[in-house]
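First up is the structure itself, then whatever we jot down about it.
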RNA sequence: GGAGAGGUGGCUGAGUGGUCGAAAGCGCUCCCCUGCUAAGGGAGUAAGGGUUAAAAGCCCUUCGAGGGUUCGAAUCCCUCCCUCUCCGCCA
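Numbering (my numbering), first residue to last: 535 to 959.
Below, the structure written as structure tokens:
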């Protein structure tokens, strides 16, 4: 959520910033609601004040043994007017809040212009795409050839956009997760978190998935309003909701491995082949909760932490800065890490690292006590994949494939595979 | 699933219809005293919001959430959520 004060004092500047994303902010409509709110709120508070003052005097008079009847008559008429005005104010504030919850975050000044994926400038590149003396296969054919990756079996038990992994391939997938967690915990100073895979609407509103993107989520039926998490960002970031952290507790660096569940409602027909885009995938997530002054450094650190995982796996990648038209709802700035996939002969997203500044913190009520002011202030939140395990598996399969269809096991993963060096049928 | 207890400020914890936004303690900040340290004394210290260009001031809201009763609710009534204890069931 954006700062309501900023919306009140500089609506035009906010609209200009959001326009870069292609978001149209109806200034006139918002301003009209805001103007109504202002008058009404002042009126309501005046009435409440009158009621309080008179009620207090009744209490005093009663204690003094005086006749309170005339005072009661005086306050009688207040009630109805207050109630009516209050109901109206409540509805107005709800409308304003709904508009605010729908507004994306302000873009940082360094976010490049652009309308889509193709406009994301490359920041840096690491590694060289491997040269094969044969025609490299994609992971779908590789997996099928090995008999270890099975989409038909998954369709039988679930449906489209699910996968079944078997034997050493399933283990390689698990090895990736263990390896990534170990790197972040041992070397990057993260605290490992195990958190719920099912969350409530308040948590999803806190991180920004709700109310706007309900269609992207799997909602559970039943008496509770529960949802499957689309990313560990939701349960982990929300750990600091509705609280005031001590300055010494910051920065908080947390990592968690969870499955992620996405309806992919808007992506019919995209990436239907293979396990690039699934309803269920595993991910190791990185979350930072930091002092506002440190969040831009933290974004660089978090991104670098994710990159280390790929460097050790010796997987070629590049980092792009998401342009205004491609960046996510809650992010002020995002770096995507894209991995080289020989099967597709192009780079594909494997990690998305964002600084959300105070956008999520305001929705969550996540604050810290600033020792300089002694006052609670909003923290900044960041999150990024460190990295997506499903896509990392694909990348390993395609980059480490051999002419006979087998897959070499990256050196850093071999300890997690009982020393296995090659995955074969 | 059954029975009971409880949810109050950064934390612990009093408070059962009116000068209660809330005692006390802890923590924190400032000051005094004490020639280091320790101890002692005093003062201050909830959050969110409105008004304002901003501040001060003034005002409003908040004692798990939402309704209700009342001139007035932390306190009474209803619904819901959560935590704890015991029983049952269960990985």
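No residue lacks a Cβ here, since even glycine has one placed at the ideal position from N, Cα and C.
Just so it is clear, the structure is predicted and the values come from calculations on it, not from any experiment.
Under the DSSP assignment, residue 787 falls in the beta strand (DSSP E) whose first and last residues are 786-795. Annotation: residue 564 is outside any beta strand (DSSP E); the continuous alpha helix (DSSP H) that includes it extends over 561-597. Our two residues, residue 771 and residue 620, have alpha carbons roughly 34 Å apart in a direct line. Where residue 644 is concerned, there is no enclosing alpha helix (DSSP H), because DSSP gives it neither an H nor an E. When the five nearest sequence neighbours on each side are left out, the beta carbons in the same chain lying within less than 7 Å of the beta carbon of residue 629 are those of 567, in order along the chain. Residue burial annotation: residue 901 is buried, with at least 16 other C-beta atoms found within 10 angstroms of its C-beta. According to the DSSP assignment, residue 814 belongs to no alpha helix (DSSP H) but to the beta strand (DSSP E) extending over 814-824. Taking residue 791 as reference, the option from 713, 563, 823, 895 with the minimal CA-CA separation is 713.
If you look at residue 760, you'll find it in the beta strand (DSSP E) that goes 760-762. Note on geometry: alpha-carbon atoms of residue 693 and residue 813 lie some 9 Å from one another. For residue 861, there is no enclosing alpha helix (DSSP H), as DSSP marks it with neither H nor E. The Cβ neighbour count for residue 579, taken over all protein chains shown within 10 Å, is under 16; the residue is labelled exposed. Ranked by Cα distance from residue 868, the options 776, 631, 880, 645 are led by 645. Looking at the backbone, the Cα of residue 956 and that of residue 704 are separated by about 14 Å.
Shown here, residue 611 sits in coil according to DSSP, grouped into three states, outside any helix or strand.
Counting of Cβ neighbours within 10 angstroms places residue 815 among the buried residues, the total reaching 16 or more.
Between residue 871 and residue 838, the C-beta spacing is not below 7 Å. Here DSSP, grouped into helix, strand and coil, assigns residue 722 to coil. By alpha-carbon distance to residue 586, the top candidate from 598, 608, 569, 601 is 608. Shown here for residue 851: same chain residues with a beta carbon closer than 8 Å to its own, the five before and five after excluded, namely 659, 660, 661, 841, 844, 871, 872, 873, 874, 881, 884 in chain order.
In this structure, residue 833 sits near residue 916, with a CB-CB distance shorter than 7 Å.
For the pair residue 888 and residue 950, the Cα-to-Cα distance works out to about 30 Å.
Between the C-alpha atoms of residue 669 and residue 940 there is a straight-line separation of about 14 Å. Between the alpha carbons of residue 635 and residue 556 lies a gap of roughly 17 Å. Residue 864 counts as buried, since at least 16 other C-beta atoms from the protein chains shown sit within 10 angstroms of its C-beta. Here residue 825 is not near residue 779, since their CB atoms are 7 Å or more apart. Taking a contact to require three or more Cβ pairs closer than 8 Å, the segment 664-682 and the segment 586-605 do not qualify as touching.
By the Cβ-count criterion, residue 920 is buried, with 16 or more other Cβ atoms from all chains shown falling within 10 Å of its own Cβ. Per DSSP, reduced to three states, the secondary structure at residue 664 is coil, with no helix or strand assignment. With a cutoff of 7 Å on beta-carbon distance, residue 859 and residue 613 are scored as not near each other. Its chain contains 654, 857, 858, 859, 860 as the residues whose beta carbon lies nearer than 7 Å to that of residue 648, once the 5 sequence neighbours on both sides are disregarded; these appear in chain order. Nearest Cα to residue 746 within the set 892, 756, 754, 735: 735. In the structure shown, the three-state DSSP call for residue 694 is coil.
DSSP places residue 775 outside any beta strand (DSSP E), giving it a letter other than H or E. With contacts defined by Cβ atoms closer than 7 Å, residue 947 and residue 709 form a contacting pair. Looking only at 622, 906, 583, the smallest Cα-Cα distance to residue 573 is reached by 622.
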